[in-house]
Amino acid sequence: MVVGAKKKDATPILWSNEASSSFLRSKEALSKATLLAFPREGATLRLVTDASTVAAGAVLEQETNSLWQPLGFFSKKFTSGQKKYAPYDLELTAIFLAIKHFHYELEGREFSVYCDHKPLQYAFVQAPEHAPLVRQRQLSYISQYTTSIKYIPGSENVVADALSRMPTSDPTSQHLPIDVQFSSHIDALSLPAAFSLQRLSEEQQNDEQLHLIISDPDFPLPLQKGTFPVNDQLFPIYFNVSNDSIRPYVPTSLRQEIFNLFHQLAHPGPSATQKIISRKYVWPKMSKDIASFVKHCLPCQQAKIARHTKMVPAAFPIPDERFQHVHLDLVTLVPSEGFSHALTMIDRYARWPEAVPIADMQAATVARAFIDTSWGSIKLELRAITPNLTGYSNAGIVTLSQR
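Quick note on our numbering: the sequence shown kicks off at 1 and runs consecutively.
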């Protein structure tokens with residue numbers, strides 16, 4: 001329909017019923033491209049991976065009717081140390097991270113790994129003693145699942161390639177002005193639907209703490225200023241880029257709102273809440289403020305126990321002679337010859353055990369069984385301990401045994 005069209009070509013497009021149906025089919029194909037399929041028993045699996053200089057991407061697919069259907073997607077940003085790896089190790093790290101992510105689906109299954117780095121085909125053929133230790137550990141882990149690494153052309157590795165190219169912004173770039181650079185990567189600035197960039201800009205202008213930070217060049221929280229387009233208007237936003245991502249400064253009036261937005265989903269603790277919020281936002285003394293917000297969260301106070309009651313173990317006086325302190329307990333047995341329980345007796349001083357079968361759990365039956373043993377003839381002051389016998393009186397058993 002647009003074959004041979006040139007840039008800024010004003011030639012009108014001939015729209016027909018065939019073009020309309022083709023457009024609808026294209027929309028449907030795009031909507032199903034990222035639709036995950038249900039795992040099918042016995043289907044052929046493959047793990048397609050790719051790595052860029054900033055992140056790793058992978059897709060787990062199964063073959064159905066000669067078509068590959070996605071079962072799951074994976075994308076993870078490389079650490080500062082991993083970014084210094086050579087291309088070979090970057091691609092190998094992407095395979096390692098992808099298998100580690102999908103290990104529940106891959107364990108015990110036959111599958112192959114596809115990547116667009118051809119030297120990795122021979123990873124398990126080369127002598128391992130010449131490889132770095134990190135590479136040896138990764139290959140050892142990968143070999144627990146598969147040793148089949150195959151090459152796929154980059155033109156066919158579209159999904160994993162897209163997942164490995166996370167949107168990032170580099171405000172230190174010199175080839176573009178800072179405003180233009182951020183405008184081309186506006187998706188790197190992620191804000192919740194609770195408020196807009198316009199509202200954030202207005203609140204920042206009225207924030208007294210922000211003015212103090214800007215006026216102090218030695219303040220430990222470095223902030224930069226950039227302009228972001230909203231509805232054909234440019235609004236100034238102050239932000240921090242210390243962790244390779246744009247984190248807008250949150251004024252005092254919006255901090256409670258930001259906390260409620262992230263904390264009320266699952267009510268995590270102070271450390272987890274601070275970790276979630278600090279990925280996207282920044283303000284001075286975040287940890288202290290978030291800990292205070294969590295401490296004053298009413299649902300957390302009602303549902304979580306901050307201090308557990310510690311039970312003090314009962315103090316039993318140590319006996320100084322035999323048959324002065326006896327422990328009694330009942331054990332349920334399989335009914336046999338008219339007996340369904342057993343009475344166990346242990347002298348605490350001598351640790352002498354005895355057990356007798358009884359017909360029921362009545363207090364009189366327990367006392368009679370205790371008296372009929374060899375301990376019943378001993379004329380001493382006796383204290384019987386019955387920890388698990390609810391409804392029994394120690395004093396009653398002792399009195400009956402002294403008759």
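Backbone N, C-alpha and C fix where the C-beta goes; we use that ideal spot for every residue, glycine too.
Anticipated Cβ contact below 8 Å, residue i with residue j, distance rounded
i      : j      : result
LYS150 : GLN121 : 7 Å
ALA405 : LEU343 : No answer is possible for residue 405: the residues shown for the chain start at 1 and end at 403.
LEU481 : PHE111 : The structure shown does not extend to residue 481, since the chain is modelled only from 1 through 403, so no value can be given for it.
VAL113 : SER155 : The pair is not a contact, with the Cβ atoms about 18 Å apart (cut-off 8 Å).
GLN209 : PRO284 : 7 Å
Residue i versus residue j - alpha carbon distance
i      : j      : result
PHE102 : THR79  : 20 Å
ALA123 : LYS83  : 20 Å
PHE23  : ILE277 : 41 Å
SER164 : ALA272 : 26 Å
LYS304 : PRO268 : 11 Å
LYS310 : VAL366 : 34 Å
LEU36  : GLN62  : 10 Å
CYS297 : ILE258 : 14 Å
GLY338 : SER374 : 23 Å
ILE142 : PHE96  : 6 Å
GLN198 : ARG247 : 16 Å
GLN126 : PRO119 : 10 Å
ASN157 : ALA56  : 13 Å
GLN302 : PRO251 : 29 Å
ALA131 : ALA51  : 20 Å
PHE323 : TRP352 : 9 Å
LEU328 : ARG368 : 13 Å
SER16  : THR34  : 29 Å
ALA364 : PHE370 : 10 Å
ALA10  : ARG25  : 26 Å
PRO39  : ASN65  : 14 Å
ASP161 : ARG279 : 24 Å
LYS32  : HIS263 : 33 Å
VAL230 : ASN260 : 25 Å
ASP187 : THR53  : Legend: pLDDT at ASP187 = 40, less than 50; position of this residue unreliable, value from coordinates given subsequently. Near 19 Å, if we compare the C-alpha coordinates of THR53 and ASP187.
GLN274 : ASP232 : 34 Å
CYS300 : LEU200 : 28 Å
PRO270 : ALA291 : 5 Å
PRO12  : PHE219 : 58 Å
ASP89  : PHE73  : 21 Å
MET286 : SER196 : 21 Å
ASP207 : VAL282 : 14 Å
LEU60  : CYS115 : 12 Å
SER321 : ALA266 : Before going on, a small fix: residue 321 reads as Glu here, not Ser. Each residue's Cα considered, the two are about 59 Å apart.
LEU234 : TYR249 : 17 Å
VAL159 : PHE228 : 30 Å
LYS225 : ASP289 : 24 Å
SER340 : MET361 : 9 Å
GLN174 : LYS27  : Caution is warranted here: a pLDDT of 36 is assigned to GLN174, below 50, making its placement in the model unreliable, and the coordinate value is therefore given only provisionally. If I take the Cα positions, the gap works out to 39 Å.
LYS404 : VAL134 : Absent from the model: residue 404. The displayed extent of the chain is 1 to 403, so no value can be given.
PRO357 : LYS295 : 57 Å
GLY81  : SER21  : 50 Å
Residue i and residue j closer than 8 Å at C-beta
i      : j      : result
PRO153 : HIS117 : no
THR49  : ALA94  : yes
PHE316 : GLN256 : no
GLU203 : LEU254 : yes
PRO128 : GLN138 : no
TYR349 : PRO319 : yes
LEU71  : GLU105 : yes
PRO222 : SER245 : no
ALA29  : ALA58  : no
GLU91  : TYR145 : no
VAL331 : MET345 : no
ARG109 : LEU45  : yes
Residue i at chain C interface by Cβ criterion, 8 Å
i     : result
PRO12 : Annotation note: the requested chain C is absent from the structure, which comprises a single protein chain.
Entirely enclosed alpha helix (DSSP H) segments - the stretch 193-264, minimum 4 residues: Restricted to the stretch 193-264, the alpha helix (DSSP H) segments that are unbroken, complete and at least 4 residues in length are 197-205, 208-215 and 252-263, listed in chain order.
Can you find at least 3 beta carbon pairs, one from the stretch 197-214 and one from the stretch 229-244, that sit closer than 8 Å? Enough Cβ pairs lie closer than 8 Å, so yes.
Completely contained beta strand (DSSP E) runs for the stretch 77-105, where each covers 3 or more residues: With a minimum length of 3 residues, no continuous beta strand (DSSP E) run stays inside the stretch 77-105.
3 or more residues per run - each beta strand (DSSP E) lying fully within the stretch 39-72: Every beta strand (DSSP E) of 3 residues or more that sits fully in the stretch 39-72 is shown, in chain order, as 45-51 and 55-64.
What runs of the beta strand (DSSP E), each 3 residues or longer, lie entirely inside the stretch 255-339? Considered as a whole, the stretch 255-339 harbours 325-336 as its complete beta strand (DSSP E) runs of no fewer than 3 residues, in chain order.
Please list the segments of the alpha helix (DSSP H) lying wholly inside the stretch 114-160, counting only runs of 4 or more residues, in order along the chain. Fully enclosed alpha helix (DSSP H) runs of 4 or longer: 133-143.
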